[in-house]
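Residue numbers (the numbering used here): 12 to 499.
Idealized CB from N, CA, C, for every residue including glycine.
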Ligand code: NAP
C-alpha cells in the first residue's frame with residue numbers, strides 16, 4: 012500500500028477515564044493503529060488518568076490486553092505494541108478531588124506541544140475536570156478538550172454544560188464527539204453530494220420522493236441498562252446520531268469544507284425542522300420471546316424495571332420547512348434487538364412522470380443507498396431492461412460503489428471513526444465535531460417530543476426481539492403508500 016499518511020504534530024493527549032470501557036475498546040486501540048500507520052511521531056505522549064490504583068507499568072499491561080482484544084488487526088506485531096506502549100503513562104487522578112493534578116500539571120506544563128484532554132468519563136464529571144484543568148494552569152489558549160456523548164439530556168442541561176465549558180474554554184477548543192461523523196461513508200456521502208454534478212440537481216423535493224434513515228441494532232441494552240432506561244432511543248440515538256445524518260443529507264452545499272461553513276449549514280437544517288405530530292411517531296419496547304426468556308430477555312427484564320416506559324425503538328416522520336425539502340418526508344427509525352444490524356440512509360427518487368414501456372413492463376424507482384454499517388458503501392439502484400428475449404421488462408440493478416470491491420483493497424486504509432476523529436483533534440480540525448449551538452438546537456427540537464410522551468403518559472408499543480419493530484412503524488409509511496426498504 013502506498014502510504015498517504017501525514018504525521019500529525021507532536022502532541023500530549025490526556026485521557027480522563029483512561030481505564031474505562033471506551034478507552035480500552037476504542038480510543039487506545041485506535042491510537043495504536045494510527046501509530047502503526049506512522050501517523051504519530053515516536054515522541055507523542057498519551058497519559059491515562061483515572062482513580063484506579065495503577066502505575067505506568069500496570070497501565071501499559073492493561074492496554075496491551077486491550078489492543079490484543081480490540082485491536083481489530085489481522086496481525087499484531089508485538090514489537091510495535093511495545094514501541095507504542097512506551098508512549099503511554101498513567102497518573103492517578105480524581106476528577107472530584109485534588110489527587111493527581113499537580114503531577115499531571117508537571118507533565119503537561121510548557122512543553123510547547125499540542126495539548127489535548129479527552130473527557131472519556133461520565134458527563135457529570137465534565138464540569139469538574141474543566142474547572143480543575145483551569146485551576147491547575149492547563150486550560151491555556153491552545154489546549155483542546157474532547158467531550159463524549161451524552162451532551163446533556165435536554166436543552167436545559169445541554170445549555171448549562173455549554174456554559175460551564177465556555178467558562179474555561181473557547182468554542183474552538185471544544186470537540187464534541189459524535190462518532191457517526193467520523194465514519195468513512197459519512198464523509199463519502201459529502202464527497203458524493205458535493206463532488207459530483209450528477210446528484211445535486213436532483214437533490215430536492217421535486218425529484219426525491221422521501222428519505223429513510225435507519226440505525227438498527229441486534230443487541231439489547233446489555234450492561235448499559237441503568238443509563239439507558241433514563242435515556243431511551245430518542246435521547247441516545249435520534250438527538251445526536253440520526254440528527255447528524257439527517258443534517259448531512261439535507262444541508263445546502265457549504266461554501267467550503269471548513270468547520271464553521273459545514274456546521275452553519277447543518278444548524279440551518281435543524282432550525283428548519285417542523286415539530287413532529289404525535290401520530291407521526293411510533294415508540295416501541297422489545298419483549299422477551301416467551302419460550303426463550305432467559306437467553307433473550309425483554310427490555311424491562313434487562314433494565315430491571317418491570318414498569319419501564321422507556322422506548323428502545325422509535326420511528327418518526329419528519330419534515331423540513333425550506334425551499335429544498337418542503338413536502339419531502341424524512342422517515343427516521345432506530346431500535347435495539349431488531350432483525351439485523353444496519354445503519355443506512357436511502358434516498359428514494361420519484362417515479363418517472365410517464366412510462367413509455369407501459370405498465371406491464373413494471374416500474375422501478377431509483378434508490379441511492381448509503382450504508383454506514385455493515386459493509387460500508389454506496390449503491391445506486393438503476394432500472395434496465397431484463398436481459399433476454401420476451402419483450403421489454405424492466406428490472407432494478409444496483410450500481411455498486413462498495414469501496415472494498417471497486418477500489419484496490421491493498422490501496423484502502425481502513426480508519427475507524429474514533430481514530431480519524433482523534434487525529435482531527437490533534438490537527439485542530441473541528442469539521443466533524445458538533446458545535447454548541449447545533450447541540451442546543453437539536454435538543455430544542457427533541458424536548459417537546461419527549462415532553463409530549465410524558466404529558467400523555469405514553470406507553471411504548473411492544474415488539475418481538477428480532478423483528479423490525481412495532482407494526483405501527485410500518486403503518487407510518489404504508490398509509491402514505493410507502494414502505495421501509497428491506498436490505499438490498
Ligand atoms: P466507564 O467504563 O464507566 O469508565 C469510566 C472511566 O471514568 C473509568 O476509567 C473510571 O476510572 C473513570 N472515573 C470515574 N470516576 C472518576 C473520577 N472521579 N476521577 C477520575 N476518573 C474517574 O465508562 P465508558 O463506557 O468508558 O464511558 C466513558 C464516557 O464515554 C461516558 O460519557 C459515556 O457516555 C461515553 N461513551 C461511551 C461509549 C462506550 O462504548 N463505552 C460510547 C459512546 C460514549 P476509575 O474508576 O479508575 O476512576
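Query	Result
Within the chosen definition, does the stretch 62-73 reach the stretch 100-108 through at least 3 CB pairs nearer than 8 Å?	yes
What residue from 494, 397, 21 and 315 has the CA that sits closest to residue 57's CA?	21
Closer than 7 Å to a non-hydrogen atom of the ligand NAP - does that hold for the CB of residue 230?	no
Quick one: is residue 30 buried, meaning 16 or more other Cβ sit within 10 Å of its Cβ, or exposed?	buried
The ligand NAP heavy atoms versus the CB of residue 161: any closer than 7 Å?	yes
If we ignore side chains and look at the alpha-carbon of each, how far apart do residue 80 and residue 348 end up?	24 Å
Does the distance from the C-beta atom of residue 196 to that of residue 389 stay below 8 Å?	yes
Thinking just about the alpha-carbon of each residue, which of 353, 403 and 346 is nearest to the one in residue 373?	403
Just to confirm my understanding: we take residue 250, look at its own chain, exclude 5 residues before and 5 after, and list those with CB closer than 7 Å. What are they?	453, 454 and 457
Whole angstroms are fine: how far does the CA of residue 19 sit from the CA of residue 152?	19 Å
Let me make sure I understand the geometry here. Which of 94, 383, 132 and 86 has the alpha-carbon closest to that of residue 35?	132
Please classify residue 490 as buried or exposed, where buried requires at least 16 neighbouring CB atoms within 10 angstroms.	exposed
Going straight from the alpha carbon of residue 410 to that of residue 365, what length do you get?	23 Å
Within the continuous alpha helix (DSSP H) that includes residue 178, where are the two ends?	166-179
At a cut-off of 7 Å, is residue 102 close to the ligand NAP when judged by its beta-carbon and the heavy atoms of the ligand?	no
Output yes or no for whether 8 Å exceeds the beta carbon distance between residue 287 and residue 327.	yes
Express the C-alpha separation of residue 145 and residue 483 in angstroms, rounding to a whole number.	51 Å
Could you tell me which of 464, 140, 293 and 318 sits nearest to residue 481, measuring between CA atoms?	293
Of the choices 147, 265, 17 and 230, whose alpha-carbon is the least far from that of residue 297?	230
Look at residue 360 and residue 220 and say whether their C-beta atoms are less than 8 Å apart.	yes
Short check: CB of residue 362 to CB of residue 352, under 8 Å?	no
Establish whether the CB of residue 75 and some CB of chain C are separated by less than 8 Å.	This model lacks chain C altogether, as it is built from one protein chain only.
If you compare alpha carbons, which of 60, 385 and 322 is closest to residue 128?	60
Starting from residue 117 and walking both ways along the beta strand (DSSP E), at which residues does that stretch end?	Residue 117 -> not in any beta strand (DSSP E); alpha helix (DSSP H) instead, spanning 112-119.
May I ask which residues mark the beginning and end of the alpha helix (DSSP H) holding residue 357?	Taken as a continuous stretch (DSSP letters only), residue 357 belongs to no alpha helix (DSSP H), being part of the beta strand (DSSP E) at 353-360.
Quick one: what does DSSP say residue 65 is sitting in, helix, strand or coil?	coil
Have a look at 346, 492 and 40 and flag the residue whose alpha-carbon is nearest the alpha-carbon of residue 83.	40
Determine the DSSP secondary structure at residue 237, reduced to helix, strand or coil.	helix
Using the C-alpha atoms, what's the distance from residue 354 back to residue 384?	5 Å
Looking at C-beta atoms only, is the number of pairs between the stretch 184-203 and the stretch 467-479 that lie closer than 8 Å three or more?	no
Which residues in the same chain have their Cβ closer than 7 Å to the Cβ of residue 311, if we skip the five residues on either side of it in sequence?	317 and 319
Measuring CA to CA, which of 51, 344 and 313 is closest to residue 17?	51
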